[in-house]
Amino acid sequence: MTTMREITETVEEGNEREELEQLRREVAEWRARYEQGERRHQTFANSSGEVEPVYTALDTASAAPGTLGMPGAYPFTRGIHPTGYRGRLWTKRQFAGFGSATDTNARYKYLLARGQTGLSVAFDFPTLMGYDSDHPRSEGEVGKCGVAISSLADMETLFEGIPLGDVSTSMTINGPAIILYCFYIAAAERQGVDSRKLRGTIQNDILKEYMAQHAWVYPIEPALRLIVDGFEWSATHAPQWNTISISGYHIREAGATAVQELAFTLADGFTYVERGIARGLAVDDFARRLSFFWDIHNDFFEEIAKLRAARRIWARHMKDRYGATDPRSWMMRFHSQTAGVTLTAQQPMNNVVRVAYQALAAVLGGTQSLHTNSMDETLALPTESAVQVALRTQQVLAYETGIGNVADPLGGSYYIEALTNEMERGAELLFEEIERQGGVVRALEQGWLQRKIAESSARQQWEIEQHRRVIVGVNEFVTEEGELTIPLLRVGEDTERDQRKRLQQLRATRDNDLCARHLNTLREAARTEENLVPHILNAARSYCTLYEIRAAMEEVFGAYREPVFF
Numbered sequence: 003m004t005t006m007r008e009i010t011e012t013v014e015e016g017n018e019r020e021e022l023e024q025l026r027r028e029v030a031e032w033r034a035r036y037e038q039g040e041r042r043h044q045t046f047a048n049s050s051g052e053v054e055p056v057y058t059a060l061d062t063a064s065a066a067p068g069t070l071g072m073p074g075a076y077p078f079t080r081g082i083h084p085t086g087y088r089g090r091l092w093t094k095r096q097f098a099g100f101g102s103a104t105d106t107n108a109r110y111k112y113l114l115a116r117g118q119t120g121l122s123v124a125f126d127f128p129t130l131m132g133y134d135s136d137h138p139r140s141e142g143e144v145g146k147c148g149v150a151i152s153s154l155a156d157m158e159t160l161f162e163g164i165p166l167g168d169v170s171t172s173m174t175i176n177g178p179a180i181i182l183y184c185f186y187i188a189a190a191e192r193q194g195v196d197s198r199k200l201r202g203t204i205q206n207d208i209l210k211e212y213m214a215q216h217a218w219v220y221p222i223e224p225a226l227r228l229i230v231d232g233f234e235w236s237a238t239h240a241p242q243w244n245t246i247s248i249s250g251y252h253i254r255e256a257g258a259t260a261v262q263e264l265a266f267t268l269a270d271g272f273t274y275v276e277r278g279i280a281r282g283l284a285v286d287d288f289a290r291r292l293s294f295f296w297d298i299h300n301d302f303f304e305e306i307a308k309l310r311a312a313r314r315i316w317a318r319h320m321k322d323r324y325g326a327t328d329p330r331s332w333m334m335r336f337h338s339q340t341a342g343v344t345l346t347a348q349q350p351m352n353n354v355v356r357v358a359y360q361a362l363a364a365v366l367g368g369t370q371s372l373h374t375n376s377m378d379e380t381l382a383l384p385t386e387s388a389v390q391v392a393l394r395t396q397q398v399l400a401y402e403t404g405i406g407n408v409a410d411p412l413g414g415s416y417y418i419e420a421l422t423n424e425m426e427r428g429a430e431l432l433f434e435e436i437e438r439q440g441g442v443v444r445a446l447e448q449g450w451l452q453r454k455i456a457e458s459s460a461r462q463q464w465e466i467e468q469h470r471r472v473i474v475g476v477n478e479f480v481t482e483e484g485e486l487t488i489p490l491l492r493v494g495e496d497t498e499r500d501q502r503k504r505l506q507q508l509r510a511t512r513d514n515d516l517c518a519r520h521l522n523t524l525r526e527a528a529r530t531e532e533n534l535v536p537h538i539l540n541a542a543r544s545y546c547t548l549y550e551i552r553a554a555m556e557e558v559f560g561a562y563r564e565p566v567f568f
């Protein structure tokens, strides 16, 4: 016997089919008028290809049930918190670092006094590569593109007067990340702060370094070992710390499309999860402390859809593929930064506008923290006044626009939902391609991932040069008069001289016998399968320098040499 409920459902399905048929007829009529209408002579596309001129329910009708959901509920398409931004606004975390630790400490205090709610450390290039400031390869680069940190003493100075138990800190470093992490933990201990109370993130994403940014130290396998050592140690000793920030930012800055950024970054994330499981770690013991970092570009709607798709893909794979049962392991938490590669040296004031729109996209996409680039960052490290404008951009967005009143306010938009579904499908296709290459590590070793990014980058550059992609003030709307100039921050050579003196004094006053013992113990432990974090931490506490610790492990692991792929 047919129930009333079954009859009602049958009628509703029939009505829905009739409505879709009616909509198809309306779309066909519109399409005929559209084809006869006047259109501008340009390509209407995002980073992956052309977009339709209008979207309707037909574009979302095939979506699987349950893909949208509600904020704070699986699969988290609409955000990871049921309260959206009503509970807590995103963290305003400006990336900062220049000159000496003393210089940057003053900048941090300046930013905190003006309402910044988290710290983000930019290291100079020698530090990023694991070199001390007085190493021959550091000459001319000390403090130029970030802060110079060569030992625990520098880290103590960097956070002097800033209680590490009260502030959340992000550190963007990868090749020698585990060493800087130990410097930070030791600096907190000097303040009397237990590592279990520390909150923050270490980027520590080495796979994307081989793929895009190239700030590596060790070969792939020992580098992955160190990352999993960090997962394992931190699960017990620093449970509030995000042990990795799996980064699409640098992949996108190198020239990837939005879909490639999404897929390659998530594939890296899955690789880290698999390495943790292979170590014998329970997935829920470490996966809930994995975080992500996304680049926010100029195509407004594409970026919002990318972030929504990222949450959904991660939740589904963590739950169904890796067997995570803790909802915190399903939730993708992420930091966003406006796109440095979109900033222009020409007409630099235009960058303020670009950054504001990109920040809006990040927030509409549900970011947990945000860095807004300063207008001058394509020319130099930002000045205090430029940084303040960038920070005020976030504050105006947070407090004057009403943006935090409603969770996922674009959810349900035909265009946004269709784009989100399209991004997800595109990412899944790329996952299949990566698997055919033998996985992420093998694809890196063969140069497949690097070539994909290079091809995309070349295509984008060609589109700009052919005026198919408009860059205001660069290839269109170019002014005849002299370019507007703005004040720039200059880092003097005295930073390097002072750092050399500090290191000379450090080596003269520390217990060098103790340093030698800790370095030897670390070197021997590296030859075993023992977790290296306790040994690196002991070396840091005894004021061994960054390069000394790097070199001790390099004697065992060797150094990475990039193969020639092109």
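Residue numbers (our numbering): 3 to 568.
Here a beta-carbon is modelled for each residue, glycine too, at the ideal position from N, C-alpha and C.
Owing to the predicted nature of the structure, the values given are computational and were not obtained by experimental measurement.
How far does the alpha helix (DSSP H) with residue i in it extend, from its first residue to its last?
i      : result
Val230 : Ile222 to His239
Met425 : Tyr416 to Arg438
His252 : Tyr251 to Glu255
Ser170 : Segment Ser170 to Thr174 is the beta strand (DSSP E) holding Ser170; no alpha helix (DSSP H) there.
Leu383 : First-last for Leu383: undefined, no H or E at that position.
Ser331 : Pro329 to Trp332
Ala363 : Asn352 to Leu366
Leu309 : Phe302 to Arg318
Phe288 : Val285 to Phe288
Of the residues the options, which one's Cα is nearest the Cα of residue i?
i      : options                           : result
Pro384 : Pro489, His137 and Ile180         : Pro489
Tyr545 : Arg42, Glu141 and Met157          : Met157
Gly271 : Gly282, Gly257 and Phe288         : Phe288
Asp136 : Glu18, Thr497, Thr523 and Ala179  : Thr497
Ile82  : Ala527, Leu381 and Arg330         : Arg330
His373 : Arg41, Ile204, Pro411 and Ser172  : Ser172
Tyr251 : Ala189, Glu23 and His299          : His299
Thr129 : Leu283, Leu491 and Ile180         : Ile180
His537 : Phe294, Phe185 and Gly278         : Phe185
Ala258 : Gly494, Glu457 and Leu381         : Glu457
Met425 : Glu305, Ile473, Gln396 and Ser376 : Glu305
Val169 : Arg227, Thr93, Gly177 and Phe125  : Thr93
Gly74  : Met334, Leu166, Thr273 and Met320 : Met334
If I follow the unbroken beta strand (DSSP E) through residue i, where does it start and stop?
i      : result
Gln339 : Arg335 to Thr340
Ala124 : Gly120 to Ala124
Gly202 : Arg201 to Ile204
Ser152 : Here Ser152 belongs to no beta strand (DSSP E), and DSSP marks it neither H nor E.
Leu372 : Ser371 to His373
What does the Cβ neighbour count give for residue i, buried or exposed, with the cut at 16 atoms within 10 Å?
i      : result
Ala225 : buried
Phe559 : buried
Glu557 : exposed
Lys503 : exposed
Trp464 : exposed
Pro2   : Beyond the ends of the chain as shown, which are 3 and 568, falls residue 2; an answer cannot be given.
Gln360 : buried
Lys111 : exposed
Asn407 : exposed
Trp32  : exposed
Val566 : exposed
Tyr401 : exposed
Glu141 : exposed
Val13  : Residue confidence for Val13 is low, a pLDDT of 48 falling below 50, so the modelled location carries little weight and cannot support an answer.
Ala518 : exposed
Ala561 : exposed
With H, G and I counted as helix, E and B as strand and the rest as coil, what does DSSP make of residue i?
i      : result
Lys94  : strand
Ser459 : helix
Leu548 : helix
Trp573 : For the chain, the structure presents residues 3 to 568; residue 573 sits outside this window and is missing.
Gly494 : coil
Glu531 : coil
Ser247 : strand
Val13  : With a pLDDT of 48 at Val13, under the threshold of 50, the modelled position of that residue is not reliable, and the figure given next carries that caveat. Correct three-state label for Val13: helix.
Val476 : coil
Gly278 : helix
Leu166 : coil
Ile488 : coil
Gln468 : coil
Met131 : coil
Name the DSSP beta bridge partners of residue i, please?
i      : result
His43  : Answer by DSSP bridge pairing: none, since His43 is not bridged.
Trp296 : Ser338
Ser64  : Ser64 is not bridged to any residue.
Glu52  : Ala47
Gly101 : Val149
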